[in-house]
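S.K.: In numbering that gives the first Met the number 0, the protein residues as written are 0 to 305.
All C-beta atoms, glycine included, are put in the ideal place defined by N, C-alpha and C.
If you're wondering where the values come from, they're calculated on a predicted model, not measured in any experiment.
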Amino acid sequence: MKGFCSLLLLFLSISSLAQDAKVYMFSYFKGNGEDGLHLAYSKDGYEWKALKDDQSFLTPQVGKDKLMRDPCIIRGGDGKFHMVWTVSWTDKGIGYASSEDLVNWSEQQFIPVMQHEEGARNTWAPELTYDAKTKTYMIYWASTIRGRFPETQVAADDGYNHRMYYVTTQDFKAFSETKLLYDPGFNVIDASIVQDGKRWVMFLKDETREPAQKNLKMAFSKKLTGPYTKAGEPITGKYWAEGPTVLRQGKEWMVFFDKYRDHRYGAVSSTDLKNWKDISDKISMPRGIRHGSIFTVSEAEFQKLR
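Below, the structure written as structure tokens:
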């Protein structure tokens, strides 16, 4: 009887650990983002498989063009999943929705974060980062405002000359005024910010066209809202890269990104945020996957999702 009880306790312990295990999730879009949110999963961070036969989990309903590009999902301080996305190529706001299970979503909101700027041309690739210390969410994105930063304006970019902007909120109902988050002295898009101990790390795309950069770089700050340091040297290669998202496994940092000219995904890894190696040949992604974000769910949540 004693042996049976020991085995039973061991079984329950293993079952509990299995339920608490983490599964990596990848939110992404396909095509132009017209059909909405797609999700993939991975157990090891290298091999990713699409869920729901790569069908959409949520159809876009807000914004000028009703698109759902660049979906960024995080788990908030309230335990819910919060998502923001690009609704249009030319709108002055972003989309927002929340969910407890990634299947049933709240009513979609249009947040007019650049509506006050007459010269704003776009609101691209919004992302969310949660600051547990202040219990505050920061939403940040890239926008071009006509006439701003003329020193980095080039004809080849068709007038686009982005900087990063942000708002903060604690409830997705009341928002701070829009402020400039990052001006690195060049055309910048696709920022993604994660915490590393007492500092914040921003991964960003140098969008400079002439001479072409089109690579990923990093900047650091002691506060989520900045100020951030000067951007460092590129962490990606000679290919054009965009849409970075970060996965951490132990001491390893893995940055996934869209090699959009090559129509494939890439990744680089580092253990010190200084020395990077390309691991693109080691990852496997769903066909047609575009810019998104990585987050985690429990094994129990994943089983319900499947």
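Report yes if the C-beta distance between tyrosine 23 and tyrosine 40 is below 8 Å; otherwise report no.
M.R.: Walking along the sequence shown from the start, residue 23 turns up at place 24. Walking along the sequence shown from the start, residue 40 turns up at place 41. Yes, these two residues count as a Cβ contact at 8 Å.
S.K.: Measure the alpha-carbon distance for phenylalanine 174 versus threonine 167 and round it to whole angstroms.
M.R.: Along the sequence shown, one-based indexing puts residue 174 at 175. Along the sequence shown, one-based indexing puts residue 167 at 168. Rounded to whole angstroms, phenylalanine 174 to threonine 167 spans 6 Å at the Cα level.
S.K.: So for alanine 155, helix, strand or coil by DSSP?
M.R.: Walking along the sequence shown from the start, residue 155 turns up at place 156. Correct three-state label for alanine 155: helix.
S.K.: Along the chain, where does the beta strand (DSSP E) that runs through phenylalanine 256 open and close?
M.R.: For the purposes of this step, residue 256 is identified with residue 257 of the sequence shown, where counting begins at 1. Where phenylalanine 256 is concerned, the enclosing beta strand (DSSP E) stretches over 251-258.
S.K.: With DSSP as the reference, please indicate the residues paired to asparagine 214 in a beta bridge.
M.R.: Numbered from its first residue, the sequence shown carries residue 214 at position 215. BP columns for asparagine 214 point to Asp205.
S.K.: Can you give the Cα-Cα distance for asparagine 214 and phenylalanine 255, rounded to whole angstroms?
M.R.: Here residue 214 refers to the residue found at position 215 when the sequence shown is read from its first residue. Here residue 255 refers to the residue found at position 256 when the sequence shown is read from its first residue. Straight-line Cα distance between these residues: approximately 13 Å.
S.K.: Indicate the three-state DSSP secondary structure (helix, strand or coil) for isoleucine 13 in the structure shown.
M.R.: As a working mapping, residue 13 is identified with position 14 in the sequence shown. In this prediction, isoleucine 13 scores a pLDDT of 39, lower than 50, which makes its location untrustworthy; the coordinate-derived value is nonetheless stated afterwards. Residue state, collapsed to three classes: helix.
S.K.: Report the option in Phe219, Thr235, Gly236 and Ile234 whose CA atom is closest to the CA atom of threonine 228.
M.R.: Counting from 1 along the sequence shown, the entry for residue 228 is found at position 229. Comparing Cα positions, the closest option is Phe219.
S.K.: Between the stretch 71-81 and the stretch 51-59, can you find at least three pairs of beta-carbon atoms closer than 8 Å?
M.R.: Taking 8 Å as the limit for Cβ pairs, the verdict is that the stretch 71-81 does not touch the stretch 51-59.
S.K.: From the DSSP secondary-structure annotation, give me the bridge partner or partners of threonine 295.
M.R.: In the sequence shown, residue 295 corresponds to position 296, counting from 1. Answer is Tyr23.
S.K.: Round the Cβ separation of alanine 119 and lysine 79 to the nearest angstrom and send it over; I've been treating them as touching at under 8 Å.
M.R.: Translated into positions along the sequence shown, residue 119 becomes position 120. Translated into positions along the sequence shown, residue 79 becomes position 80. The pair is not a contact, with the Cβ atoms about 29 Å apart (cut-off 8 Å).
S.K.: Taking leucine 179 as part of the beta strand (DSSP E), name the residues at either end of that continuous run.
M.R.: Position 180 of the sequence shown, counted from the first residue, corresponds to residue 179. Segment 178-181, the beta strand (DSSP E) holding leucine 179.
S.K.: Give me, in chain order, the residues of the same chain whose beta-carbon lies closer than 6 Å to that of glycine 32; leave out the 5 immediate sequence neighbours on both sides.
M.R.: Position 33 of the sequence shown, counted from the first residue, corresponds to residue 32. The answer, listed in chain order, is Leu66, Met67 and Arg68.
S.K.: Taking the alpha carbon of threonine 207 as the point to measure from, which residue in Ile293, Met253 and Tyr159 has its own alpha carbon closest?
M.R.: Residue mapping note: residue 207 aligns to position 208 of the sequence shown, counting from 1. Threonine 207 has its Cα closest to that of Tyr159, out of Ile293, Met253 and Tyr159.
S.K.: Flag this pair as yes or no: are the beta carbons of leucine 179 and arginine 198 separated by less than 8 Å?
M.R.: The residue given as residue 179 occupies position 180 in the sequence shown. The residue given as residue 198 occupies position 199 in the sequence shown. Not in contact: leucine 179 and arginine 198 (Cβ atoms no closer than 8 Å).
S.K.: Could you tell me which residues DSSP pairs with glutamine 248 in its beta bridges?
M.R.: As a working mapping, residue 248 is identified with position 249 in the sequence shown. Glutamine 248 pairs with Glu251.
S.K.: Tell me whether lysine 132 is buried or exposed, calling it buried when 16 or more other Cβ atoms sit within 10 Å of its Cβ.
M.R.: Within the sequence shown, the letter at position 133 stands for residue 132. Counting Cβ neighbours within 10 Å, lysine 132 comes out exposed, since fewer than 16 surround it.
S.K.: Could you tell me which residues DSSP puts in a beta bridge with aspartate 277?
M.R.: Stepping through the sequence shown from its first residue, residue 277 is reached at position 278. Val267, per the DSSP bridge assignment.
S.K.: Tell me the rounded alpha-carbon separation between serine 87 and tyrosine 95.
M.R.: For this step, residue 87 is matched to residue 88 along the sequence shown. For this step, residue 95 is matched to residue 96 along the sequence shown. About 13 Å.
S.K.: Can you tell me which of the three DSSP states proline 285 falls into?
M.R.: Position 286 of the sequence shown holds residue 285. DSSP places proline 285 in coil when its eight states are reduced to three.
S.K.: Taking tyrosine 95 as part of the beta strand (DSSP E), name the residues at either end of that continuous run.
M.R.: By one-based count along the sequence shown, residue 95 stands at place 96. First-last of the beta strand (DSSP E) with tyrosine 95: 93-98.
S.K.: With contact counted as at least three CB pairs below 8 Å, one residue from each stretch, are the stretch 280-288 and the stretch 228-248 in contact?
M.R.: The stretch 280-288 vs the stretch 228-248: no contact.
S.K.: Are the CB atoms of tryptophan 252 and leucine 272 nearer to each other than 8 Å?
M.R.: Position 253 of the sequence shown, counted from the start, is the residue given in the question as residue 252. Position 273 of the sequence shown, counted from the start, is the residue given in the question as residue 272. The answer is yes: Cβ separation under 8 Å.
S.K.: Phenylalanine 174 lies in the beta strand (DSSP E); which residues open and close that run?
M.R.: Here residue 174 corresponds to residue number 175 of the sequence shown, with the count starting at 1. Neither: phenylalanine 174 is in no beta strand (DSSP E) and is coded neither H nor E.
S.K.: By how many angstroms is the C-alpha of valine 112 removed from the C-alpha of aspartate 261?
M.R.: In the sequence shown, the residue the question calls residue 261 occupies position 262. In the sequence shown, the residue the question calls residue 112 occupies position 113. Taking the straight line from one Cα to the other gives about 33 Å.
S.K.: Helix, strand or coil for phenylalanine 28? Go by DSSP, reduced to three states.
M.R.: Against the sequence shown, residue 28 aligns to sequence position 29. If DSSP states are grouped into helix, strand and coil, phenylalanine 28 belongs with the strands.
S.K.: Look at the alpha carbon of glutamate 298 and the alpha carbon of glycine 231, and state the distance between them as a whole number of angstroms.
M.R.: For the purposes of this step, residue 298 is identified with residue 299 of the sequence shown, where counting begins at 1. For the purposes of this step, residue 231 is identified with residue 232 of the sequence shown, where counting begins at 1. About 37 Å.
S.K.: Quick one: using the 10 Å Cβ neighbour count with 16 as the cut-off for buried, is glutamine 248 buried or exposed?
M.R.: In the sequence shown, counting from the first residue as 1, residue 248 sits at position 249. That one is exposed.
S.K.: Alpha carbons only, please: which of Ala20, Met82 and Asn103 is nearest the one belonging to leucine 304?
M.R.: For the purposes of this step, residue 304 is identified with residue 305 of the sequence shown, where counting begins at 1. It is Asn103.
S.K.: In angstroms with no decimal places, state the Cα-to-Cα distance between valine 193 and alanine 266.
M.R.: Position 194 of the sequence shown, counted from the start, is the residue given in the question as residue 193. Position 267 of the sequence shown, counted from the start, is the residue given in the question as residue 266. Going by the C-alpha atoms only, they are around 17 Å apart.
S.K.: Compare the C-alpha of phenylalanine 310 against each of Asp100, Ser105 and Glu106 and name the closest.
M.R.: This structure gives no information on residue 310, because the portion of the chain shown stretches from 0 to 305.
S.K.: Using CA coordinates, which residue listed in Gly184, Pro210, Gly35 and Lys221 is at the minimum distance from leucine 203?
M.R.: Position 204 of the sequence shown, counted from the start, is the residue given in the question as residue 203. Here the closest residue by C-alpha is Gly184.
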